[in-house]
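In the working numbering, the protein residues as written are 696 to 970. We put the CB at the ideal spot given by N, CA and C, even for glycine. Data block below; observations after.
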Amino acid sequence: GGKDAVQSQLDKHRAFFARTMYYKSMLDSKNKVFKNIIKSVDQAGNIDTQDANQKMQQINDRFTYVSQNAQIWEQKLQEAVRCWHNFRECERIISDWLMKAEQLISEKHIDTKEIVESHKVFFERVNERWIHDLVQTAQDLRNCLPTDQQRTIVNSVERLQSKWKEVLSFAPLHLMRLEFRLDETTFHQYIKDIDKEINIEQQAFNKQENVDAIIARNKEFFVNRGVVLEVEHCIENMKKIAESYSKWQPTDNSLNEALNTIEHQWESIAQKVEH
């Protein structure tokens with residue numbers, strides 16, 4: 696089995712039958728000689744040439760039969776090599792994609808929008824045609840193979856199809872989790888900044904610095920820079936993602952739990968901001 700074994704068979708076949716034309720010309724010249732002998736014998740008369748004619752005819756028939764079958768077998772071997780090549784190529788493309796997909800899904804440190812985008816692009820560019828091609832090339836290959844060699848091809852296709860379905864059903868959840876974690880990181884960064892700002896203003900107030908200046912600073916940070924709106928937008932985003940995620944994966948509460956923690960955090964910070 697395998698492309699290399701068939702290729703080696705094809706090479707041997709071609710090497711052996713490369714001398715066909717040489718033997719053909721040898722047979723042609725023997726036929727000419729034989730015809731001349733028969734002519735001479737016929738002129739001499741009373742010699743039975745039937746046996747000799749029959750033998751010569753058999754040799755010619757066998758040569759024709761072998762030559763024709765050699766061509767048919769060469770075509771079959773070529774077809775088998777082609778089918779093996781196409782199948783292995785489809786298998787390789789899908790295996791490479793699945794390996795890369797599994798690497799991305801198991802990545803732990805995803806903290807930038809760019810990384811999330813690259814994951815999105817990777818999973819959105821998946822080509823359904825690959826699986827169709829795999830099934831088709833497997834069928835073509837099985838048509839070239841004896842029955843006892845077909846099972847391994849079927850097993851390989853079934854294994855890849857099952858892995859493919861598993862990864863594709865997991866991909867949307869993976870992307871949702873990524874986006875959620877990214878918003879979560881952004882939220883925590885905002886909370887740090889807000890805490891820092893509140894502490895600075897509190898210290899200024901305790902030191903009895905200019906109240907108007909403190910109020911102006913507060914307005915600049917919380918109103919003009921739109922920090923509160925940005926945080927609320929961030930939480931809104933996370934809510935949408937958690938909702939979609941729950942529809943896809945009702946048994947996994949991890950995003951809803953994270954969202955509850957975030958909302959409580961924001962409530963306590965918002966109270967500080969108002970005071």
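List the endpoints of the continuous alpha helix (DSSP H) containing residue i.
{"i": "F711", "result": "K698 to F712"}
{"i": "K730", "result": "T715 to A739"}
{"i": "H814", "result": "K808 to E819"}
{"i": "Q903", "result": "Note, Q903: premise wrong, no alpha helix (DSSP H); not H, not E."}
{"i": "S790", "result": "Q745 to I800"}
{"i": "K935", "result": "V922 to W943"}
{"i": "L840", "result": "Note, L840: premise wrong, no alpha helix (DSSP H); not H, not E."}
Give a yes or no on whether the C-beta atoms belonging to residue i and residue j are separated by under 8 Å.
{"i": "F900", "j": "I800", "result": "no"}
{"i": "E879", "j": "I957", "result": "yes"}
{"i": "K815", "j": "L877", "result": "no"}
{"i": "L855", "j": "E784", "result": "no"}
{"i": "R709", "j": "E774", "result": "no"}
{"i": "W859", "j": "I754", "result": "no"}
{"i": "F882", "j": "I930", "result": "yes"}
{"i": "Q960", "j": "I886", "result": "yes"}
{"i": "T832", "j": "A765", "result": "no"}
{"i": "L722", "j": "F758", "result": "yes"}
{"i": "L772", "j": "L705", "result": "yes"}
Helix or strand or just coil, what does DSSP make of residue i?
{"i": "T880", "result": "helix"}
{"i": "H959", "result": "helix"}
{"i": "I886", "result": "helix"}
{"i": "D947", "result": "coil"}
{"i": "H804", "result": "coil"}
{"i": "I742", "result": "coil"}
{"i": "E976", "result": "Outside the displayed range of the chain (696 to 970) lies residue 976, so it cannot be described from this structure."}
{"i": "N822", "result": "coil"}
Are there 16 or more other CB atoms within 10 angstroms of the CB of residue i, so buried, or fewer, so exposed?
{"i": "I895", "result": "exposed"}
{"i": "L829", "result": "buried"}
{"i": "I742", "result": "exposed"}
{"i": "A937", "result": "buried"}
{"i": "T744", "result": "exposed"}
{"i": "V926", "result": "buried"}
* To do: Determine contact between the segment 839 to 850 and the segment 774 to 788, defined as no fewer than three beta-carbon pairs at a distance below 8 Å.
  => These segments touch.
* **Three or more C-beta pairs below 8 Å linking the segment 852 to 871 and the segment 942 to 956** => yes
* If we count Cβ pairs, one from each stretch, closer than 8 Å, do we get three or more for the segment 880 to 895 versus the segment 821 to 828? -> no
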